[in-house]
Amino acid sequence: MSGSNARTPPPPYTNDNAEELKKCFATLLNDQQEIQKLFKSVAGQLETTPQIGEHHPLTEEWNTLRQRHRRVYRDSQHNASQCASFLHNYVEVVIPLSQSKMPIREKKVMVTRFLEAIAIHQENAKKSANKFSELGKGVETFQLKIAAALRGQAESQGFFTKALYKLLTQLVKTFQRLLSGINSVHFSLGPLRTDIRFHPYSEVRDELRMGPRSTVSQVKDDCRELTEKLTAFEEAWEIVKLSCADLLINLAMARSMTAVPAAFDSNVRSAQRVYSPLVECMRAYSQNRSPEL
1 MSGSNARTPP PPYTNDNAEE LKKCFATLLN DQQEIQKLFK SVAGQLETTP QIGEHHPLTE
61 EWNTLRQRHR RVYRDSQHNA SQCASFLHNY VEVVIPLSQS KMPIREKKVM VTRFLEAIAI
121 HQENAKKSAN KFSELGKGVE TFQLKIAAAL RGQAESQGFF TKALYKLLTQ LVKTFQRLLS
181 GINSVHFSLG PLRTDIRFHP YSEVRDELRM GPRSTVSQVK DDCRELTEKL TAFEEAWEIV
241 KLSCADLLIN LAMARSMTAV PAAFDSNVRS AQRVYSPLVE CMRAYSQNRS PEL
């Protein structure tokens, strides 16, 4: 046993996602505001389109998706609040007790309980990411329904064709990174044909065959901005999940090193590098503010 205590402790785990976490959550509040504007804008287009209108099933379906997004966002805020409250205890409980004269056996029990709790928050982060992804798939299905419902009706309405094209392209590109299982989408509507190929986590390349050129440029600019904002939430919660994994690794290593005080303390403190930005991001997200990092 004495030889075990004398050995040099291994270096702490350092491959955390703290910087990526900061980057993802820094603009999330503005992203949410822009997403709300987009949902409202699309709803307005549907309600004022003669072929659809306020009481059309497609309009009602879009409003259902809009409400679903609100619920998903509120649920994710609730998860963030619970995660922040739990992580606050890390500095208040785990670190002080790790430096105390608490028996090794009790330290191991304490760390085990935190490991179990972190795993729960990691699973909640995964669920939040999946909900945003599923919402994206719902919108993808919806835009294809619009194309099918209005096929053949827009050919003689040049202005409406361009407006509808912009709506469809916005929706497709907005969620392209969320739909990794779809390789391509093809649809035609009156004088325009569009082929969009999805390459997960890379830029979408599309072949657009309609005029004028200024319309195409504006569509591309709008879609690029919308894609960045609407995909940010899934990415952010994926990073939360990975950050929880970092915490799990550090605490698991600490638990295995309770007999070596220096190694135990080193791993407990390594986890704090993940904890600090994570708790601030979670607290800020739950309070509708930007994190102060």
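Quick note on numbering: UniProt numbering labels position 266 of the sequence shown as 266, and the sequence is numbered without any gaps.
We put the CB at the ideal spot given by N, CA and C, even for glycine.
Return helix, strand or coil for residue i, following the three-state DSSP convention.
i	result
residue 289	coil
residue 281	helix
residue 240	helix
residue 102	coil
residue 111	helix
residue 12	At residue 12, the pLDDT of 40 sits below 50, so the modelled position is not reliable; the number obtained from the coordinates is stated separately. The answer is coil: DSSP assigns residue 12 none of H, G, I, E or B.
residue 260	coil
residue 275	helix
Among the candidates the options, whose CA atom is the shortest distance from the CA of residue i?
i	options	result
residue 129	89, 33, 22 and 73	73
residue 282	88, 113 and 108	88
residue 279	264, 81 and 252	81
residue 253	232, 115 and 148	115
residue 26	97, 239 and 103	239
residue 149	68, 28 and 58	58
residue 63	29, 121, 23 and 45	45
residue 138	31, 113 and 68	68
Below 8 angstroms on the Cβ atoms is my contact criterion, and I expect residue i with residue j to pass it. Report the Cβ-Cβ distance as a whole number of Å.
i	j	result
residue 284	residue 290	6 angstroms
residue 241	residue 131	No, residue 241 and residue 131 are not in contact; Cβ-Cβ is about 13 angstroms, not under 8 angstroms.
residue 117	residue 86	6 angstroms
residue 145	residue 255	In fact, because the Cβ distance is near 52 angstroms, the residues do not count as touching under 8 angstroms.
residue 232	residue 28	6 angstroms
Determine, using beta carbons only, whether residue i and residue j come nearer to each other than 9 angstroms.
i	j	result
residue 61	residue 136	no
residue 268	residue 251	yes
residue 286	residue 78	yes
residue 21	residue 236	yes
residue 66	residue 40	yes
residue 83	residue 121	yes
Uninterrupted alpha helix (DSSP H) stretches inside the stretch 18-100 (no shorter than 4 residues): If only uninterrupted alpha helix (DSSP H) runs of at least 4 residues are considered, those enclosed by the stretch 18-100 are 18-26, 28-48, 57-89 and 95-98.
Only counting runs of 3 or more residues, tell me where the beta strand (DSSP E) segments fall wholly within the stretch 113-138, in order along the chain. The stretch 113-138 contains no whole beta strand (DSSP E) run of 3 or more residues.
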